[in-house]
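*Asks:* I'd like to ask you about the structure that follows.
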Amino acid sequence: MDALILSCGTGGGHDSAGKAILEELKKRGHHATMLNPYSLVSPKLAQKINKTYISMVQHEPKVFGACYKLGNLYRRLPFRSPVYFANHQMNQVMQEYLENHPYDIVIMPHLFPAEILTNMKLHGFSVPKTMFVATDYVCIPFTEETLCDAYVIPAEDLTQEFVNKGIPREKIYPLGIPVGSSFSETETKEQARRKLGLEEDKKYILVAGGSMGGGKIEKVIHRLSKQFEKREEIELIVICGSNQKLYDRLMKHSSQGMMVIEYTEQMADYMRACDLFITKPGGLSSTEAAACPIPILYTAVIPGCESCNAEYFSEHGMGVLGKSPKELFTKVEELLENDEVRRTMILCQRNTIHKEAATDICKLAEQMVH
């Protein structure tokens, strides 16, 4: 089987989901390629789209939330969205690529490529089988205007929401959000700590703002650092992702009891090694954490799909949300001190999250093609 994965770097989750599928396809002996569709026009265009989104999330999260709210209002109108029409110019470029590189199926963990291929279908272009993979625990705006052959959603209890938004029930497959194989390994906390060179008798708090280090996570980090600066048994590990400016600022003011790390390929190891994960509620990063598993405390929520992710994880006992600074830091203390609460949260994660989603998605692709 020849498969094409189309994704965009507007947030690390979409690409991470795509890479998890790519990894599994190759493991199963298939030919697979992953690319950003806008790079077919020019690498600069792809980078511009990614950077515009990332900058908004990092510096203007309220603006992003307003855009998301506007999208939810717009989807009620009886005509197609600006996102659909903006991708019309990609028709010819994508058609030329598919003619020169024939594929049996196109898998898309991002809305924009799904809009491109929908646009192509409606204008009479020939396209392979198509699969959309949702990476948030909600049906995001304009998913319903795409015309894919299959829609993979994070969980069965979200099926009705997608149906209510207009996705045909017979096209919905509740297989989960795909995570890389490193997050599904059975390594113990002790083994992970030895691998990373961490002390076995300390309590570690892992802090991250997603791959982009977005939201108000910096204020949370400084407050946590002050809160625990005199407690030698507790250490913060801060993952900055691709946010170089955040890393530089934290390094200038780093204190004893805080380890600051740029982008890392060992995120799964850090999740398994730590006692608590403080993060913004990205769909992919939340799923990765639950797959490890590790207790999750949400902060710096970017309005929109992240609010829905936090709500879903809270309702299913897989994480908790600190709605205010006072509540956040109270819950940090509670989670660190209460072993039973952490064990219960981990049990909920194990009972809810499907760690083998990438495998099942690839099996579905095989069935669709053959």
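Going by the numbering used here, the first residue of the sequence shown is number 17, and it counts up by one from there.
C-beta atoms are modelled at their ideal positions from N, C-alpha and C, and glycine is treated no differently.
Could you check what DSSP says for M147 in three-state terms: helix, strand or coil?
*Replies:* Of the three classes helix, strand and coil, the one that applies to M147 here is strand, per DSSP.
*Asks:* Return the bridge partner residues of L387 from the DSSP annotation.
*Replies:* The structure shown does not extend to residue 387, since the chain is modelled only from 17 to 386, so the question has no answer here.
*Asks:* When DSSP labels each residue in this structure, what does A166 get in the three-state scheme?
*Replies:* Strand at A166.
*Asks:* What's the gap between the Cα of N367 and the Cα of R185?
*Replies:* Looking at the two C-alpha atoms, the distance is approximately 24 Å.
*Asks:* Could you spell out where the alpha helix (DSSP H) holding L114 opens and where it closes?
*Replies:* Start and end: 107-116.
*Asks:* For the segment 189-208 against the segment 154-165, do three or more pairs of beta-carbon atoms, one drawn from each stretch, fall closer than 8 Å, so that the two count as touching?
*Replies:* As far as the Cβ criterion goes, the segment 189-208 does not touch the segment 154-165, which means the pair count is below three.
*Asks:* Can you tell me where the alpha helix (DSSP H) with A306 in it begins and where it stops?
*Replies:* Looking at the DSSP string, the run of the alpha helix (DSSP H) that includes A306 is 299-307.
*Asks:* Under the three-state reduction of DSSP, which class applies to F293: helix, strand or coil?
*Replies:* If DSSP states are grouped into helix, strand and coil, F293 belongs with the strands.
*Asks:* If you draw a straight line from the alpha carbon of D152 to that of L380, how long is it in whole angstroms?
*Replies:* Each residue's Cα considered, the two are about 20 Å apart.
*Asks:* Quick one: give me the first and last residue of the beta strand (DSSP E) that L51 is part of.
*Replies:* Counting along the chain, the beta strand (DSSP E) containing L51 begins and ends at 47-51.
*Asks:* Alpha carbon to alpha carbon, how far is V179 from Y189?
*Replies:* So the two alpha carbons sit approximately 12 Å from each other.
*Asks:* Among Q260, I156, L252, A284, which has the Cα closest to the Cα of S270?
*Replies:* With distances taken between Cα atoms, S270 lies closest to L252.
*Asks:* Which residue marks the beginning of the alpha helix (DSSP H) containing I123, and which one marks its end?
*Replies:* It is not in any alpha helix (DSSP H) - I123 instead sits in the beta strand (DSSP E) that spans 121-124.
*Asks:* Report the residue from Q63, F141, H126, M267 whose alpha carbon sits nearest the alpha carbon of V109.
*Replies:* Taking only the C-alpha atoms, the option nearest V109 is F141.
*Asks:* Which word fits S340, buried or exposed, when buried means at least 16 other C-beta atoms lie within 10 angstroms of its C-beta?
*Replies:* Burial call: exposed.
*Asks:* Would you identify the three-state DSSP class for E251, choosing helix, strand or coil?
*Replies:* Three-state result, E251: strand.
*Asks:* How should E249 be labelled, buried or exposed, when 16 other C-beta atoms within 10 angstroms of its C-beta is the threshold for buried?
*Replies:* Exposed, since its Cβ has fewer than 16 Cβ neighbours within 10 Å.
*Asks:* Are M287 and I310 closer than 7 Å when you measure CB to CB?
*Replies:* A contact, by the Cβ cut-off of 7 Å.
*Asks:* Looking only at DSSP bridge pairs, what is V276 linked to?
*Replies:* For V276, which the question treats as bridged, DSSP gives the partners V254.
*Asks:* With DSSP as the reference, identify every bridge partner of V385, one or two as the case may be.
*Replies:* Beta-bridge pairing links V385 to no other residue.
*Asks:* Quick check: the Cα distance between D124 and M147, rounded to an integer number of angstroms?
*Replies:* According to the sequence shown, residue 124 is Met rather than Asp. Rounded to the nearest angstrom, the two C-alpha atoms are 6 Å apart.
*Asks:* Who are the Cβ neighbours of M274 in its own chain at under 6 Å, not counting the five residues just before and after it?
*Replies:* Excluding positions up to five away in sequence, the list reads S241, L252.
*Asks:* Kindly give me the distance between the Cβ atoms of Y314 and K296, rounded to whole angstroms, as I take these residues to be in contact under 8 Å.
*Replies:* Right, their Cβ atoms sit about 7 Å apart.
*Asks:* According to DSSP, simplified to helix, strand and coil, what is I37?
*Replies:* Note: I37 maps to helix in three-state DSSP.
*Asks:* Which whole-angstrom value is the C-beta distance of T360 and G333, which I expect to be below 8 Å?
*Replies:* So it is a contact: roughly 7 Å between Cβ atoms.
*Asks:* Could you tell me the distance, in whole angstroms, from the CA atom of C321 to the CA atom of N88?
*Replies:* Roughly 11 Å separates the two Cα atoms.
*Asks:* Less than 7 Å separating the beta-carbons of I276 and L266?
*Replies:* According to the sequence as given, residue 276 is Val; it is not Ile. Their beta carbons are under 7 Å apart, which means V276 touches L266 by this criterion.
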